[in-house]
Amino acid sequence: MVVIPVKLYAATEQRDVAFRQVHREDGGRVQFRRFCSLDGQEVAYSDVAKGYELATGDVVVLTDDDLKDLPLATAKRIDVLHFSPAGQLDPILSNKAYYLEPEPPGVRAYALFRDALERSGRVAVAKVAIRQREALAALRVRDGVLVLETLLWPDEVRRPDFKFLDEDVDVRSQELKMAASLIDTMTEDFDPSLYKDAYREALEALVQAKIEGNEVVRPVGPTEPTGKAGGPADLAETLRASVEAAKANRAKTSDKTSDKAADEPEAPVKTPKPRRPPASRRKASA
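All the letters of the sequence shown, read from the start, carry residue numbers 300 to 585 under this note's numbering.
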């Protein structure tokens, strides 16, 4: 068996505009808290556990200590089970993709496995554990990098159960030929760079226009920083808040200085004493 040390990086990201739920009247953030349905008390996150509810209404409580003792054979390891033709993997099984970067000691073995896998035209079927959950996965090569693509388990794919599947639909041969001709006419190579999320771009432009038109609401009271980098709208709002905070701080400091100067009596001016000329220094003789 060959072991190749690698690091895992998320290969995709959701490029969506992030919103918070706020009060329409004053822009205050709407907070959701955890309350126990039995005693009505707020529950701290550290006291939240996983519960499996039985048909009788009883609940099996599972803590982090219970879960950490479960055996995960693939913890911190990607186990290659076998290799299969790429066309046999149903796209509906695809879940999330990760880039694999080799550790320095494993670069040569990584390159060897990558090149051999790419030449074979196959994918490696594997098992991996991510965030305490084991998943089926496939290893592919993309732009010279091994890509780990987690897959859904077969029982996680729902079977379509629609009434029309049992109906005898009459499709005429002439109609089928016309449909095939239309498909041939509209066939071209797929270039993902030609497509963009027009709705997200329009949404970002809408938010930016409201900022430039000063259509913003300043909620009363302290606002918790999000700690996340955002787009132009977030940057503009952050800069605006920083300028206003600096002005308020400067005005407060100025008021305190003025009040202190008005309340305290003037201190008597002391006449400086005449300084004596420095005594001449002589070198010590050895």
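Cβ atoms here follow ideal geometry from the backbone N, Cα and C, with glycine treated the same way.
All of these numbers come straight from a predicted model, not from anything done at the bench.
Its chain contains no residue whose beta carbon lies nearer than 6 Å to that of F318 once the 5 sequence neighbours on both sides are disregarded. An exposed status is given to P304, since fewer than 16 other beta-carbon atoms sit within 10 Å of its beta-carbon. A straight-line Cα-Cα distance of about 14 Å links D465 and R458. In this structure, G350 is the residue among L366, G350 and K367 with its C-alpha nearest to the C-alpha of V359.
For R421 and Y308, the gap between their C-alpha atoms comes out near 22 Å. Exclusion of the five residues before and after I377 leaves A425 and V427 as the residues of its chain whose Cβ lies within less than 6 Å of its Cβ. Across the structure, G327 and L388 are spaced so that their CA atoms are roughly 48 Å apart.
Residue range V305 to A309 is occupied by the beta strand (DSSP E) that includes Y308.
Inclusion of V440 and L416 in the CB contact set at 9 Å is warranted, their separation being smaller than that value.
In the structure shown, K367 adopts helical secondary structure according to DSSP, grouped into three states. Across the structure, Q340 and P518 are spaced so that their CA atoms are roughly 28 Å apart.
Counting every other CB atom within 10 Å of its CB across the protein chains shown gives E511 a total below 16, marking it as exposed.
Per the coordinates, the alpha-carbon of N513 lies some 40 Å from the alpha-carbon of K395. If you draw a 10 Å sphere on the C-beta of R413, you find 16 or more other C-beta atoms in it, and that means buried.
Per DSSP, the beta-bridge partners of A425 are V379 and A436.
Of L450, P403, G386 and A436, the smallest CA-CA separation from S419 is found for G386. In this structure, the beta-carbon distance from A434 to W452 falls below 9 Å.
Distance check between D442 and each of K476, S472, Y398 and F463 places Y398 closest, using alpha-carbon atoms only.
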